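The next block holds one structure in the form of structure tokens; read it before the comments.
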Amino acid sequence: MNNQAAWLAQFIDKKEGMSPSQQRRLITHIGRVPFSTDLVAVDPGLWGGFWHFDVIAAGYTLPAVELALLRAVRLDQMWPAATTVEQFVGDLRQTIGHPQAEVWLLRVIDQPCAVLAAPAGQPGLITVVWYCATTNALHAGYRTAPDRLSLPQAVAQCSGAVFATAGPASVEIEIDQTWLVDSLEQTSEGRSESLSVELDREILRIRVEAGD
Numbered sequence: 002m003n004n005q006a007a008w009l010a011q012f013i014d015k016k017e018g019m020s021p022s023q024q025r026r027l028i029t030h031i032g033r034v035p036f037s038t039d040l041v042a043v044d045p046g047l048w049g050g051f052w053h054f055d056v057i058a059a060g061y062t063l064p065a066v067e068l069a070l071l072r073a074v075r076l077d078q079m080w081p082a083a084t085t086v087e088q089f090v091g092d093l094r095q096t097i098g099h100p101q102a103e104v105w106l107l108r109v110i111d112q113p114c115a116v117l118a119a120p121a122g123q124p125g126l127i128t129v130v131w132y133c134a135t136t137n138a139l140h141a142g143y144r145t146a147p148d149r150l151s152l153p154q155a156v157a158q159c160s161g162a163v164f165a166t167a168g169p170a171s172v173e174i175e176i177d178q179t180w181l182v183d184s185l186e187q188t189s190e191g192r193s194e195s196l197s198v199e200l201d202r203e204i205l206r207i208r209v210e211a212g213d
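The letter at position 100 of the sequence shown is residue 101 when you use the numbering used here, and the numbering goes up by one with no holes.
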């Protein structure tokens with residue numbers, strides 16, 4: 002376990018809250034780490050589409066950051082179609098550094114992790130970012146309704162104000178994320194040797210259980 006993971010784990014395991022300075026230290030650190038580039042299998046909902054002039058098919062893998070972008074654009078449809086990887090990661094970093102960002106700490110497949118959420122800039126939505134201290138990388142980024150972020154096992158480092166500041170939607174927002182169930186079923190067979198793949202699978206499961 003690296004130093005960052007050990008430091009974060011002590012708060013999770015003791016169910017302790019961070020001081021403001023400790024929380025600032027964590028947020029500053031997360032704002033500097035990369036998004037994982039480990040290969041992850043592409044979701045069934047993306048099969049048949051194109052990416053970098055390739056046709057996506059069963060068994061196709063992509064770096065986790067590219068897959069996160071495709072999910073956000075084509076499956077969740079919460080980012081514009083022309084969004085680049087750099088723009089997507091830039092949006093996630095803005096969320097991490099947002100003055101109203103809030104933090105939850107939890108173990109995901111026994112790895113110390115942090116989840117950050119902040120208003121997405123569109124009423125009724127928040128942007129959510131997942132960080133793993135073991136890999137020292139980001140592993141998920143997406144937008145959803147505040148009531149679809151449920152982390153009952155987490156140690157909250159926040160007041161829950163992000164849910165209020167996101168505000169009600171000015172128009173009805175359709176959130177169809179049934180693709181999550183299909184993806185989870187696709188990845189449920191066997192166990193991967195890749196920690197990034199295991200983290201991705203567990204984050205999908207948590208999203209499904211939260212009603213995403």
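Beta carbons: idealized from backbone N, C-alpha and C, even for Gly.
All of these numbers come straight from a predicted model, not from anything done at the bench.
Where ASP201 falls, given that 16 or more other Cβ within 10 Å makes a residue buried: buried
Using 8 Å as the threshold, is the C-beta distance between ALA42 and TRP105 below it? The answer is no: Cβ separation not under 8 Å.
To the nearest angstrom, how far is the alpha carbon of THR110 from that of GLU186? Checking the sequence shown, residue 110 turns out to be Ile, not Thr. So the alpha carbons of these two residues sit roughly 18 Å apart.
Looking at the strands, I want to know which residues DSSP matches up with GLU87. GLU87 pairs with nothing; no bridge assigned.
In its own chain, which residues sit with a C-beta less than 7 Å from the C-beta of SER195, not counting the 5 before and 5 after it? ASP39
Would you call PRO120 buried or exposed, if buried means 16 or more other Cβ atoms sit within 10 Å of its Cβ? Label assigned to PRO120: buried.
Would a C-beta distance cut-off of 8 Å place THR136 and SER197 closer than the cut-off? yes
For GLY50 and THR57, the rounded distance between their alpha carbons: Per the sequence shown, residue 57 should be read as Ile rather than Thr. Each residue's Cα considered, the two are about 5 Å apart.
Write down the C-beta distance between ILE127 and LEU150 rounded to the nearest angstrom, noting that I regard them as a contact closer than 8 Å. 7 Å
Tell me whether ILE127 sits in a helix, a strand or coil according to DSSP, three-state version. strand
Neighbour-count burial assignment, GLN154, 16 or more Cβ in a 10 Å radius: exposed
Contacting residues, own chain, Cβ-Cβ under 8 Å from GLY212 (five flanking each side not counted): ASP148, ARG149 and SER151
By the three-class DSSP mapping on this structure, what secondary structure does PHE51 have? strand
Is ILE13 near ALA102, with beta carbons less than 8 Å apart? no
Which residues does DSSP pair with GLN112 in a beta bridge? VAL109
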